[in-house]
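Add 431 to a position in the sequence shown, counting from 1, and you land on the number used in the working numbering. Just so you know, even glycine gets a beta-carbon here, dropped at the ideal spot from N, CA and C. This structure is a prediction, so every number in the text was calculated from the model and none was measured. Input: a single structure, listed below in structure tokens.
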Amino acid sequence: MAAAAAMFLAGLTALSSAPAYGLPGAATGRLGPARAEDGPLPAGRPAPGLAPARTISDFPAARAAADAYTVSSGDTLSGIAQQSLGSAVRWDSVYTLNQQAIEDAARRHGYGSSDGGHWIFPGTVLALPRDEPGRTQQASRFEPAPCPTTYGTLKGTTCGFLVVPENRAHPFARTLRLAVARVRSASPSPRPDPIVFLTGGPGADALADISELTEAGINRDRDLVVLSQRGTLSSQQPLTCPEIDQFYAERVHLRYDAASTGDLYAQAAARCRERLTAQGIDPAAYNTSENAADVADLRSALGIDEWNVLSHSYGTQLALVYMRMFPQGIRSVTVDGVVPPSVASPGWTWSSLRESFDNIVGACAAQPSCRQRYPDIGGTFLRMVRRLEARPVTTHVTVEQVGRVKVVLDGGALLNWIVRTSHAPDDFPLAVEELAQGHPERIAEQWAAAWLPGSQGKFAHGLSLSVWCSEWVPFETSGEQLAEGLRAFPELPRSVLAQAPQLPFLRQACQAWNVPQAPASVRAVTRGTIPTLAISGSFDAQTGAQWGSYVARTLSRSTVVTLAGVAHGAFPQPCGASVITSFFDDPENPDTRCVSSVKPVPFTIGNGGAGTS
């Protein structure tokens, strides 16, 4: 599937899952609230609220330097921070200042704690942080403009820019212009509640996904609003890093796991940061909390009373934070390829890779011809990872648009090749057998093609690093990261397991990127009653299917769907698109009948033959 594969080919996307061992299969289910017997959830500080939340316009005017505020029914700390401090993302400063009062109120109402400010109670008097006299924050606004032509002519679409502060914590921050496209519904009588699309990466340009979204019929009977997130290509200022693109092109010639390769990555990140900061860009302002505030501002600026959220990959992390911080005006949410903020980290990626690997191998075993021809394809693959890590193979292949290319395959490169092949898994057994017989060309060509042509100059690597280096890396030690690798693949050498899938040497790059750690609140578990569809693919090596079930545990009106044999991204698949659009039509009872008919593709056998299910 083009969009999801393109994100990987750029070298990114969001990731993972705990293992779901055994054969891939279709699964649907409705989940209720988490119960005590479900086991503990990771500790976090959910962005606060006491449902039903009031909208920003419902709050009485408040001076930035006001001394106190008395909580009323429906208040949220983010809403109070918006009115008193000019920025909803500063809610945690209100919580910190009033932690004792908030926790005491929670205990008086029979709660063990406020869950980090998630529960606040009417009558609680909150002290408000004092700001500088005259501190003001320019309101976000929408400005119509011609549609960009970067991805071709956008028919039936109106466009413009959402103008927002670069950093809402700073009263005089410069503004950014975020590209927005509103695609008309295919229906002459569209539903009144449009769909807003949040794409992944972090760093992909959502406007590039419009053709895939419309071809899938997502705008069948609703307008589709597409926001190019801050830092991405169609918006100002894009945090693209040609330095990192060049590094990825060079990496195919190098050992994937070598420390010297990691040094080159960190140097490329440092050069990109130096260039961007020289332009006045603040890398610390490009994060999920600011992104969520941008989405909330967009709904208000467009005058939309209520809308539905469709999110993919990193966009699901953004959607879950957005649901916590700004629940008002959200009718329903689809998370496709789920990244739970509470657990996302470099080491978290290992379980998704293992889940995908096991399900691909299991699908081969379920197809008689594949099972007969490749009876131990999983064991062969792991044996080749160990062999290549000990003795890397160098070969030359021809890559379209590039020509003859030198490729080095070590254990880390082969293991990460699973991410690429999960999107087109039909020749996985054949390619592994060829490699074992001394013919690495098929895998080498696919590996090189993933990094050389196509996406250079388009992906915002700077946004990726700003998010990962502030919200993921600081919340996990290198030892914890390695332990996740050992848990997922105990058969493999530590030199392979030391580098997280898709994110090798990220800790070194983060030292060069140098952004502050995000507040722990950004990693909170999202709880609530907003109807939510969690949809995943059983072959997803980036955000494993189990994470859909994980986030649904604390979302009381949730539906979980897994599509067998589908990789990262369900919305471009006919059944996936059908389930999603039926969910938006009826969030309580989506039509999931097609799910049982989705099966893994037949695997290629020998000289181009095909296995049968």
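Beta-carbon proximity check, residue i vs residue j, cutoff 9 Å
{"i": "W978", "j": "R704", "result": "no"}
{"i": "P758", "j": "T719", "result": "no"}
{"i": "V946", "j": "L896", "result": "yes"}
{"i": "P575", "j": "A610", "result": "no"}
{"i": "R918", "j": "W781", "result": "yes"}
{"i": "V839", "j": "Y679", "result": "no"}
{"i": "I1011", "j": "T765", "result": "yes"}
{"i": "P777", "j": "W878", "result": "no"}
{"i": "M756", "j": "A794", "result": "no"}
{"i": "G543", "j": "L894", "result": "no"}
{"i": "D636", "j": "L655", "result": "no"}
{"i": "L937", "j": "R925", "result": "no"}
{"i": "L670", "j": "H892", "result": "yes"}
{"i": "G548", "j": "L607", "result": "no"}
{"i": "V836", "j": "L866", "result": "no"}
{"i": "A699", "j": "Q677", "result": "yes"}
{"i": "R615", "j": "T589", "result": "yes"}
{"i": "A570", "j": "V520", "result": "no"}
{"i": "I1036", "j": "R706", "result": "no"}
{"i": "W742", "j": "P962", "result": "The identity of residue 742 in the sequence shown is Ser, whereas the question assumes Trp. Cβ distance not < 9 Å, so S742 and P962 don't count as in contact."}
{"i": "V850", "j": "Q948", "result": "no"}
{"i": "G959", "j": "M754", "result": "yes"}
{"i": "F573", "j": "A716", "result": "no"}
Among the options, nearest to residue i - alpha-carbon criterion
{"i": "P619", "options": "R653, P625, H601 and T606", "result": "R653"}
{"i": "G632", "options": "G541, S616, D841 and V769", "result": "V769"}
{"i": "G693", "options": "S544, A929 and P1018", "result": "A929"}
{"i": "P1019", "options": "G1000, D640 and S989", "result": "For the record, residue 1019 in the displayed sequence is Glu; it is not Pro. With distances taken between Cα atoms, E1019 lies closest to S989."}
{"i": "Y500", "options": "G554, E534 and A536", "result": "G554"}
{"i": "W848", "options": "F788, C900, Q832 and K889", "result": "F788"}
{"i": "T908", "options": "P924, E922 and A931", "result": "A931"}
{"i": "F592", "options": "A532, Q660 and I533", "result": "Q660"}
{"i": "R818", "options": "G843, W522, H892 and T1023", "result": "G843"}
{"i": "L658", "options": "A727, Q698 and F603", "result": "A727"}
{"i": "N650", "options": "G587, Q933, W882 and S744", "result": "G587"}
{"i": "D506", "options": "R539, Q803, D523 and I551", "result": "I551"}
{"i": "G975", "options": "S616, R622, N790 and A537", "result": "N790"}
{"i": "P1021", "options": "Y981, E681 and L964", "result": "L964"}
{"i": "E418", "options": "H827, V1029 and P673", "result": "Nothing can be reported for residue 418: it is not among the residues displayed for the chain, which extend from 432 to 1044."}
{"i": "S1027", "options": "F1015, D1017, G1037 and V992", "result": "V992"}
{"i": "Y981", "options": "T957, S1013, P577 and L994", "result": "T957"}
{"i": "A855", "options": "H870, R572, E831 and A881", "result": "A881"}
{"i": "S744", "options": "S783, A821, E721 and S731", "result": "S783"}
{"i": "G810", "options": "S1009, S503, L923 and V502", "result": "L923"}
Cβ-Cβ separation, residue j to residue i (assumed contact under 8 Å), whole Å
{"i": "D845", "j": "I874", "result": "Inspection of the sequence shows that residue 845 is occupied by Leu rather than by Asp. Their Cβ separation, rounded to whole angstroms, is 7 Å, which keeps L845 and I874 in contact under 8 Å."}
{"i": "L559", "j": "S515", "result": "5 Å"}
{"i": "P1033", "j": "G996", "result": "Not quite, the Cβ-Cβ distance comes to about 10 Å (not below 8 Å), so this is no contact."}
{"i": "G1007", "j": "A998", "result": "About 11 Å; that fails the 8 Å criterion."}
{"i": "Y696", "j": "A955", "result": "Not really, about 30 Å apart at Cβ, beyond 8 Å."}
{"i": "I808", "j": "V792", "result": "6 Å"}
{"i": "D523", "j": "S952", "result": "5 Å"}
{"i": "F890", "j": "G583", "result": "About 18 Å; that fails the 8 Å criterion."}
Closer than 8 Å: residue i CB and nearest the ligand ATP heavy atom
{"i": "Q877", "result": "The ligand ATP is not part of this structure, which contains no ligands at all."}
Inter-stretch contact (C-beta, 8 Å, three-pair minimum) for the region 853–862 and the region 638–648: no
Okay, do the region 795–803 and the region 902–921 touch, 3+ Cβ pairs below 8 Å being the bar? no
Practice task
Please specify which runs of the alpha helix (DSSP H), each continuous and at least 4 residues long, are wholly inside the region 856–922, giving them in chain order.
Solution key: 859–867, 872–882, 892–898 and 909–919
Practice prompt. Evaluate contact between the region 728–745 and the region 701–716, counting only Cβ atoms and requiring at least three cross-stretch pairs below 8 Å.
Written response: no
What are the start and end residues of each continuous beta strand (DSSP E) run of 3 or more residues lying completely inside the region 584–619, in chain order? 588–596 and 606–614
Is there contact between the region 802–818 and the region 965–979, where contact requires at least three CB pairs shorter than 8 Å? no
### Query
Do three or more CB pairs link the region 743–753 to the region 623–630 at distances below 8 Å?
yes
### Message
For a minimum of 3 consecutive residues, which ranges assigned as the beta strand (DSSP E) are wholly contained in the region 966–1022?
### Response
989–994
Practice task
Give, in chain order, every unbroken run of the alpha helix (DSSP H) that is at least 4 residues long and sits entirely within the region 711–751.
Solution key: 719–732
**Prompt:** Which residue spans inside the region 518–568 form an unbroken beta strand (DSSP E) run of at least 3?
**Reply:** 556–558
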